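Residues are numbered in the numbering used here as their position in the sequence shown, beginning at 1, plus a constant of 16.
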Amino acid sequence: MHAHGPVCVGIDPHPGLLERWGLDDDVDGLRRFALGVLEAVGGRVAAVKPQSAFFERHGARGVAVLEEVLAAARSAGTLTVLDVKRGDIGSTMAGYADAYLRDGAPLAADAVTLSPYLGFESLRPALDLARRTGRGVFVLALTSNPEGAGVQHARTAGGSVAGQMVAGAAEENARTLAEAGPDGAGTDGVAALGPVGLVVGATTGSAVHELGLDLAAVRGPLLAPGVGAQGAGAAELAEVFGDARSQVLAATSRGVLRAGPEPHALRDALDAAVDAARAALTL
């Protein structure tokens, strides 16, 4: 984020984008699209975020392309956030953690998205493995879909459901950063962030304020979908994130991908997205 700007580019090869790029909705089109995005932005962006569903819909060969994309990103020195939104309990959650966070796993990414709605502690296998391997997780906290509020805004004896996710992430990061000691304090005046981030939609409006959430206290990255094509700009980011804006990694997909397939056009769109995000997220 410090080196390349606070933007994460989604790799979302849905049928409409494949058609826009002049590609067939098959494994070959999937591969050309995904690797084309990576060729254009690899080494120039804070992270890429492949959406696993669009690879899985092509079966085993599509998952093989996802493995190839993750490996190519590693070779390019670009961080990956694999958008899988997994969540389960016990040995099943441990299996998901092993699939995405273990060193040497074919689908290993630098971070994954997780769904905590079987309880924050149900994520424990992934939280612990991410800490051991130096990887990260992004836990769903406040999503922008209208139905999300019914669960995430619900009040409990200890606050809101979203508040439990904020508190859980803050506790995990406090422990990790304390164990890291002075060496984990950050560099170049940029505060260190812990490995547990949150997904907070950039279009969730006043929800953070109304629920009394302290996002800055999380001391972890905040993945913010909804920037750009979905309508969130400077005003929306200020309203949602407030003093935590320096922790935000703005996720953009269509705003960059629809500029393709020419690499120079994708790079120009990325540069514009980074400039806009930097301006919007400056405190």
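Think of the CB as a built atom: it goes at the ideal place given N, C-alpha and C, for glycine as much as any other residue. Here the structure is a predicted model, which means the values were calculated and not measured.
- Annotation: the continuous beta strand (DSSP E) that includes R102 extends over 95–102.
- Counted as a single uninterrupted DSSP element, the alpha helix (DSSP H) harbouring F49 occupies residues 43–57.
- Under the three-pair Cβ rule at 8 Å, the segment 56–65 counts as touching the segment 87–101.
- DSSP, read as helix, strand or coil, puts T192 in helix.
- Note that the C-beta distance between V212 and A185 is below 8 Å.
- Checking the DSSP bridge columns, you'll see P66 partnered with I27.
- Taking every protein chain shown into account, the CB of L265 has 16 or more other CB atoms within 10 angstroms, so this residue is buried.
- When C-beta atoms of the segment 114–134 are compared with those of the segment 147–158, three or more pairs fall below 8 Å, so the two segments count as touching.
- In this structure, the alpha-carbon of L238 lies about 6 Å from that of Q263.
- Restricting attention to E83, T129, A76, the CA atom closest to the CA of L214 is found in T129.
- Distance from the CA atom of A165 to the CA atom of L158, rounded to whole angstroms, is 8 Å.
- G175 is bridged by DSSP to T172.
- With a 10 Å radius around the Cβ and a threshold of 16 neighbouring Cβ atoms, N189 comes out buried.
- Taking every protein chain shown into account, the CB of T108 has fewer than 16 other CB atoms within 10 angstroms, so this residue is exposed.
- Counting only runs of 3 or more residues that sit fully inside the segment 128–167, the beta strand (DSSP E) segments are 152–158, in chain order.
- Going by beta carbons, G276 and A289 fall outside the 8 Å limit.
- For the 8 Å CB-CB criterion, A142 and L86 do not form a contact.
- In the three-state scheme derived from DSSP, where H, G and I count as helix and E and B as strand, L238 is classed as strand.
- Residues E188, N189, T192, L193, R235, G236 of the same chain have their beta carbon placed closer than 7 Å to that of G210, with the five preceding and five following residues left out of the count.
- Counting only the Cα atoms, G242 lies some 13 Å from A296.
- Counted as a single uninterrupted DSSP element, the beta strand (DSSP E) harbouring T268 occupies residues 264–268.
- Non-local C-beta neighbours of A293 in its own chain, meaning closer than 7 Å and more than five positions away in sequence, comprise G21, P22, V23, V243, A266, ordered along the chain.
- At a Cβ-Cβ threshold of 8 Å, L231 and A208 do not count as neighbours.
- DSSP places L227 in the coil class of the three-state scheme, outside both helix and strand.
- Counting C-beta atoms within 10 angstroms of its own C-beta, L145 has 16 or more neighbours from the protein chains shown and is therefore classed as buried.
- The C-alpha of G75 is placed about 34 Å away from the C-alpha of A178.
- About 12 Å separates the Cβ atoms of D40 and L33, ruling out a contact at the 8 Å cut-off.
- Secondary structure at A281: helix, using DSSP grouped into helix, strand and coil.
- The C-alpha of R102 is placed about 10 Å away from the C-alpha of Y133.
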